[in-house]
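Just below is one structure, and these are the notes that go with it.
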Amino acid sequence: MLRSLIIYLSKAEWMRQRVMRWKIARKVVLRFVAGEKLSEAIKIIKELNSESIFATLDQLGEDTKNAEQARQTAEDIILILNAISEAEINSSLSLKLSQIGLLLDETICEENLSLILSRAQELGIFVRIDMEDSPCVDATMRVYWKMRKEHGFDNVGMVIQSYLYRSEKDTEELLAGDTRIRLVKGAYKEPEEVAYPSKRDVDNAFDRLTKMMLDHAKQESSPAVSDDGRWPPITAVASHDEDRINYAISYAQTNGIPKEKLEFQMLYGIRRGLQKELVQKGYPVRVYVPFGSEWYPYFMRRLAERPANLWFFISSLFKG
Ligand code: FDA
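Each residue of the sequence shown is one higher than the one before, counting from 648 in our numbering.
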């Protein structure tokens, strides 16, 4: 109930305008967001890299309103790719297709994405397409496959959400094309017609999908994380849930799958101790580092995931 309300508010313009004006909100946001400037995010990634943690950098923003804005965002993303390369940080890039025009016109989005992927390819940078809410999934899949099959890019990967009923079928298809997949539970409010309403079912589906991905990793030809850590393996388990992480580790161990073929991913600011523990155990770990001024919907989704975050936020408001 509370989660649904916060996710609803994450899309409400009147609330966005209010919260973004609160100074205290900006302070709390820094727990989950690396800063408003690219230089701040790069500094944080350097610190993570010094602890042998890889990153994926994300410029916050979604629901771009017109074609000019979508093209401008694509150009900004190309500058970010240049900055990753110049700073010599160990980071891939994550983006949302709605940032570059998915909801306006698929062709515009494809043009923008192919510009981004082409520059990323020149610089040897891997790009992950985040998955948004369920009305975007078909279009996101179509654009992804166009990039792979028609444009021939292989420096791009996808996200699968375990709460969607369709995800087993999508995973099968993506694995058949050797797609590098990030598996998440799913962060949006979805109707019962498309997604499991109960947490237990979402968790069970997560383990089933992990198993499918790791079964692919058993094949000799299934890529591991690259030696320099810049390219992820096929299987990236993106969760802070220790039961899900332990399931993946135990299945991989039982089946003799090398550690380089199982990457763990977490969000900036969440479960730092666990990130370090997994690195010490020899697993690749990548942290999703968001930055930028459009932090409102991302921040609200993080509040929705954990009531304690909301109480922390509310108590900060009262403390001033
Ligand atoms: P769960 O929510 O069950 O949390 C398990 C435990 O982790 C909690 O008990 C708590 O200890 C800790 N935790 C989780 N969230 C927390 C928070 N916000 N603050 C503090 N502690 C927290 N979703 C999506 O729909 N599309 C996408 O593209 C992505 N991309 C993505 C990338 C990466 C790297 C990650 C880690 C996650 C995403 N997500 C996402 C978000 C994902 O769908 C999901 O909402 C969150 O990861 C929370 O789910 P958990 O798997 O962590 O489990």
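Cβ coordinates follow ideal geometry from the N, Cα and C atoms, glycine included.
_On the CB-based measure, 16 or more other CB atoms within 10 Å of its CB, does residue 857 come out buried or exposed?_
Position 210 of the sequence shown holds residue 857. Buried, because 16 or more other Cβ atoms sit within 10 Å of the Cβ of residue 857.
_With a threshold of 8 angstroms, are at least 3 pairs of Cβ atoms found where one atom belongs to the segment 863–875 and the other to the segment 885–897?_
no
*asked:* List, from N- to C-terminal side, the alpha helix (DSSP H) runs of 4 residues or more that fit wholly inside the segment 753–801.
replied: Along the length of the segment 753–801, whole alpha helix (DSSP H) runs at least 4 residues long occupy 753–770, 784–792, reported in chain order.
*Inter-residue Cα distance where the pair is residue 855 and residue 898*: Position 208 of the sequence shown, counted from the start, is the residue given in the question as residue 855. Position 251 of the sequence shown, counted from the start, is the residue given in the question as residue 898. If I take the Cα positions, the gap works out to 11 angstroms.
*Look up residue 919 in the DSSP assignment and say whether it is helix, strand or coil.*
Along the sequence shown, one-based indexing puts residue 919 at 272. The answer is helix: DSSP assigns residue 919 an H, G or I state.
_What I want to know is whether the C-beta of residue 947 ends up closer than 7 angstroms to one or more non-hydrogen atoms of the ligand FDA._
Counted from its first residue, the sequence shown places residue 947 at position 300. No; taking the cut-off as 7 angstroms, the Cβ of residue 947 has no heavy atom of the ligand FDA nearer than that.
*If you draw a straight line from the C-alpha of residue 907 to the C-alpha of residue 881, how long is it?*
To locate residue 907, count along the sequence shown from 1; it is residue 260. To locate residue 881, count along the sequence shown from 1; it is residue 234. Between residue 907 and residue 881, the C-alpha separation is close to 10 angstroms.
*Using the C-alpha atoms, what's the distance from residue 681 back to residue 691?*
Counted from its first residue, the sequence shown places residue 691 at position 44. Counted from its first residue, the sequence shown places residue 681 at position 34. Residue 691 and residue 681: Cα-Cα distance of roughly 7 angstroms.
*Please confirm whether residue 787 and residue 744 have their CB atoms less than 8 angstroms apart.*
Numbered from 1 along the sequence shown, position 140 holds the residue referred to as residue 787. Numbered from 1 along the sequence shown, position 97 holds the residue referred to as residue 744. Yes, the pair counts as a contact, with Cβ atoms nearer than the cut-off.
*Going by alpha carbons, who is nearest to residue 968 out of 811, 835, 793, 841?*
The question about residue 968 has no answer, for the chain in this structure spans 648 to 967.
*Indicate whether residue 738 and residue 679 have their beta-carbon atoms separated by less than 8 angstroms.*
Within the sequence shown, residue 738 is the residue found at index 91, counting from 1. Within the sequence shown, residue 679 is the residue found at index 32, counting from 1. Contact: no.
*asked:* Relative to the C-alpha of residue 752, which candidate in 732, 772, 790 has its C-alpha closest?
replied: Counting from 1 along the sequence shown, the entry for residue 752 is found at position 105. 790 is the residue among 732, 772, 790 whose C-alpha sits nearest the C-alpha of residue 752.
*For residue 941, which residues from the same chain have a beta carbon less than 7 angstroms from its beta carbon, with the 5 sequence-adjacent residues on both sides left out?*
Position 294 of the sequence shown, counted from the first residue, corresponds to residue 941. The residues are 707, 708.
*Tell me, which residues are paired with residue 739 by DSSP?*
Translated into positions along the sequence shown, residue 739 becomes position 92. Paired residues: 703.
*Using beta-carbon positions only, say whether residue 905 and residue 773 come within less than 8 angstroms of one another.*
Locating residue 905 in the sequence shown gives position 258, counting from the first residue. Locating residue 773 in the sequence shown gives position 126, counting from the first residue. Against a cut-off of 8 angstroms, the Cβ pair of residue 773 and residue 905 comes out as no contact.
*How is residue 679 classed by DSSP in three states: helix, strand or coil?*
Against the sequence shown, residue 679 aligns to sequence position 32. Three-state result, residue 679: coil.
*Give the straight-line distance between the Cα atoms of residue 659 and residue 795, rounded to the nearest whole angstrom.*
In the sequence shown, counting from the first residue as 1, residue 659 sits at position 12. In the sequence shown, counting from the first residue as 1, residue 795 sits at position 148. The straight-line gap from Cα to Cα measures roughly 35 angstroms.
*Provide the residue(s) that pair with residue 831 in DSSP beta bridges, ordered along the chain.*
Translated into positions along the sequence shown, residue 831 becomes position 184. Per DSSP, the beta-bridge partners of residue 831 are 808.
*asked:* Do residue 803 and residue 831 have their beta-carbon atoms positioned less than 8 angstroms apart in this structure?
replied: Counting from one through the sequence shown, the residue named residue 831 turns up at place 184. Counting from one through the sequence shown, the residue named residue 803 turns up at place 156. The answer is no: Cβ separation not under 8 angstroms.
*Mind checking residue 843: buried by the 16 CB within 10 Å criterion, or exposed?*
As a position in the sequence shown, residue 843 is number 196, starting the count at 1. Result: buried.
*Segment contact flag, the segment 931–950 with the segment 711–718, C-beta cutoff 8 angstroms, min 3 pairs*: no
*Any idea which residues DSSP pairs residue 884 with across the strands?*
Start at 1 with the first residue of the sequence shown, and residue 884 comes out as number 237. Paired residue(s): 830, 911.
_Residues near residue 918 in its chain [Cβ-Cβ closer than 6 angstroms; skip 5 each side]_ = For this step, residue 918 is matched to residue 271 along the sequence shown. Apart from sequence neighbours up to five positions away, the residues of its chain that approach residue 918 with a beta-carbon distance below 6 angstroms are 887, ordered along the chain.
*asked:* Here's a check: name, in chain order, each residue in its chain whose Cβ is nearer than 6 angstroms to the Cβ of residue 932, leaving out the five neighbours to either side.
replied: Counting from one through the sequence shown, the residue named residue 932 turns up at place 285. So the qualifying residues of the chain are 700, 911, 922, 925, 926.
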